[in-house]
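Reviewing the structure listed below.
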Amino acid sequence: MSATTSPTTAPAQKLSHHPRFLRVWASQSAGAVGDQILPVAFALHAVQLGAGAGTIAVILAGRAIALVVCLLAGGILADRVSRPRILFTADVLRTAVVVGTLFALNDLPLAALGIVTALSGVAESLSRPAMRSLIPALLPADLLVRGNALVSAVQRSAMLLGALAGAAIVTAIGIHAALGLAALLFATGALAVLGVRDTAAGTRPGSSVLADARAGIATVRRRPWVAAVMAAVAVQLFAGTAPSLTLLPLIAAERLGGELAYGVVLAAAAAGALPAIALAGRWRPRRPGTVSMLALTTYAALPASLAFALPLPVTAACFALGGFVVEIYFLYWLSALQREIPAQVLGKTLALDQLSAFALLPVGYALTGPAVAAFGIRPTLVAAALLTAAASAVTLLVPGVSTFSDPVRARPTGSPSGGGARSR
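In this text, residue positions in the sequence shown follow the numbering used here: the first is 1, and each later residue adds one.
Right, here's the structure in full:
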C-alpha cells in the first residue's frame, strides 16, 4: 500500500526525501543501459556475419517470448515476496548470463543468441512488475506521477546512451567489449538495491498461485477500459515494433549510412521520450486517455519511415516521435493503474499489462520474414503502419478509456485522489 500524506504536507514532499526510492531508481537505471546494449550488440554482430532478417528476428524474439511466458509469474512473485529481493535476483541472473555469453560467444551459433536474449528476458520478467508495483510502496500518492517520470527520464536517457554505446563499441572495438560493459552495469544494479526494504512485503496475504493468477485476470475483466488499452498496445507492438526492429539494422546498413546509423535511430527514439517525460510531469489533462491513445496513433511513423527511402535525419525524427508518444501514453497509463488498481493485485495487474503488450510480439517477429519474402519490404511496412494507427484510435469507443478510470467514477485526473490505490 502506498504511503499517504495530508493535504497540508503534500506540497512539501520531494523525491529527495525518499532514499529507498532513489536507490531502486539508481539500480534500475544502470540495468536500463545494459538492457539496451544487448539487443544492439547482438543485432549488429549478426549483420557483420551476414545474417538476414530471419536470423535477426530469432535473436530479438527470444526476449519477447520469455516476457510472454514469464511476466505473469513475475507479477505473482511481486505480490508475494520482497520486491527489492526480486530486483537483486534479476540483476544477478542477467550478470551471470552475459558473463557466460562473453566467454562462449565464439563457439555459439547466431541462432543460439536467441536463447541468451530469452534468459535475459526471464530476468526482465521478474524485475518489471516488481519495480512498478514497488513504487507506490516507496512514494506517497501525490508523488507517483513525478516518481514514474523520474524513473522513465533516467531509463530513457540510459537507453539513449546504451544504444549509442552498443553500436559504437561493436563497430569500433567488437561485441566482447560491449558484453563486458553490459555485465558490469547489471552487477552495479544488483549492488545498488542491496539493503532496500519493502515495507509492504509482510502485509500481502498468501494464496495459491492459480488463485493469484485468477485474481489478476478478474481485475482486468472487471475493467473493460483496461482490457481495451492492453489489446491496442499488443497490436501496436505486433505491427509497429516487430517489423521496425527486425528490418532497421538491415535498412541502416544498406541505405542509412552504415551500422552506426542503427544506434543513432534507436537513440533518437530514446531521446524523443525525454521531452514527453518533462511534459507529463507537469501537465494533467482532463482526459489523459484521449491524449494518450490519439498520440499513440502516430507510432505508425516508425514502420512508415522505413517503408520509404528517407534520409537518416528524417528517419531518426520519426523514431523520436515514436518515443515521445509512447512515453506520454506510458506515464499517464502507469500512474492510472497505480491509482485505480487495489494494492493487493497491483503486481499481477501490471504483469498482465506487460504480458498482453508482448503477447503478439513474437508472432510479429515470426511473420516479418515471410511477409517480406511474399510481399516485399515496402508493402509490409505500409500495412504495419496502417494497422498500428487504427489499433489505438478504436479504443476511444470503449467507456473509461478517455479518462483512464472506471466510467462510473470518471473524473479529471487533476482532482484529489485521496491517496494511493483504493481497495474495492
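Think of the CB as a built atom: it goes at the ideal place given N, C-alpha and C, for glycine as much as any other residue.
For residue j and residue i, believed in contact at Cβ under 8 Å, the rounded distance
i, j, result
"Ile37", "Ala218", "No, Ile37 and Ala218 are not in contact; Cβ-Cβ is about 39 Å, not under 8 Å."
"Val47", "Leu250", "7 Å"
"Ala391", "Ala163", "At roughly 26 Å, the Cβ-Cβ gap does not stay under 8 Å, so Ala391 and Ala163 are not in contact."
"Leu194", "Phe88", "6 Å"
Nearest-angstrom Cα separation, counted from residue j out to residue i
i, j, result
"Ala26", "Ala153", "12 Å"
"Gly197", "Ala301", "Looking at the sequence provided, one finds Arg at residue 197 rather than Gly. Each residue's Cα considered, the two are about 42 Å apart."
"Leu260", "Pro39", "14 Å"
"Ala73", "Asp353", "13 Å"
"Met230", "Thr403", "15 Å"
"Ala421", "Asp35", "At Ala421 the pLDDT is 37, less than 50, meaning the model places this residue with poor confidence and gives no usable figure here."
"Ala118", "Leu93", "12 Å"
"Ala41", "Glu340", "39 Å"
"Thr203", "Ile169", "Residue confidence is low: Thr203 scores 49 on pLDDT, short of 50, so the model does not pin down where it sits. No coordinate-derived value is stated."
"Arg378", "Thr188", "42 Å"
"Lys14", "Leu143", "8 Å"
"Val446", "Ala373", "Absent from the model: residue 446. The displayed extent of the chain is 1 to 424, so no value can be given."
"Val382", "Leu279", "30 Å"
"Thr171", "Gly114", "21 Å"
"Pro140", "Pro407", "25 Å"
"Ala51", "Ala111", "10 Å"
"Ala441", "Ile328", "Because the chain spans 1 through 424 in this model, residue 441 falls outside it and cannot be assessed."
"Gln338", "Leu296", "21 Å"
"Thr395", "Ala239", "16 Å"
"Leu160", "Tyr262", "12 Å"
"Leu105", "Ala253", "23 Å"
Beta carbon of residue i nearer than 8 Å to that of residue j
i, j, result
"Leu234", "Ala357", "Checking the sequence, you will find Ala at residue 234 rather than Leu. Contact: yes."
"Leu181", "Ser125", "no"
"Ala227", "Arg221", "yes"
"Ala78", "Ala149", "no"
"Leu237", "Leu360", "yes"
"Gly369", "Gly54", "yes"
"Pro224", "Val116", "no"
"Val264", "Tyr299", "no"
"Ala384", "Ala57", "no"
"Ala158", "Val24", "no"
Where the alpha helix (DSSP H) through residue i begins and ends
i, result
"His176", "Ile175 to Val193"
"His18", "First-last for His18: undefined, no H or E at that position."
"Thr171", "Leu144 to Ala172"
"Ala343", "Unbroken run through Ala343: none, as it is neither H nor E."
"Leu396", "Where Leu396 is concerned, there is no enclosing alpha helix (DSSP H), given that its DSSP letter is neither H nor E."
"Pro224", "Pro224 to Gln236"
"Ala51", "Careful: Ala51 lies outside any alpha helix (DSSP H) and carries neither H nor E."
"Val363", "Leu361 to Phe375"
"Val122", "Leu113 to Leu138"
"Asp91", "Arg83 to Ala104"
"Val291", "Pro288 to Leu296"
"Leu248", "Ala242 to Arg255"
"Leu306", "Ala301 to Ala307"
Minimum Cβ-Cβ distance from residue i to chain B less than 8 Å
i, result
"Ala78", "This model lacks chain B altogether, as it is built from one protein chain only."
Looking at C-beta atoms only, is the number of pairs between the segment 319 to 332 and the segment 267 to 282 that lie closer than 8 Å three or more? Touching, yes.
Can at least three beta-carbon pairs, one atom from the segment 98 to 114 and one from the segment 131 to 138, be found at a separation below 8 Å? They do not touch, by the three-pair rule.
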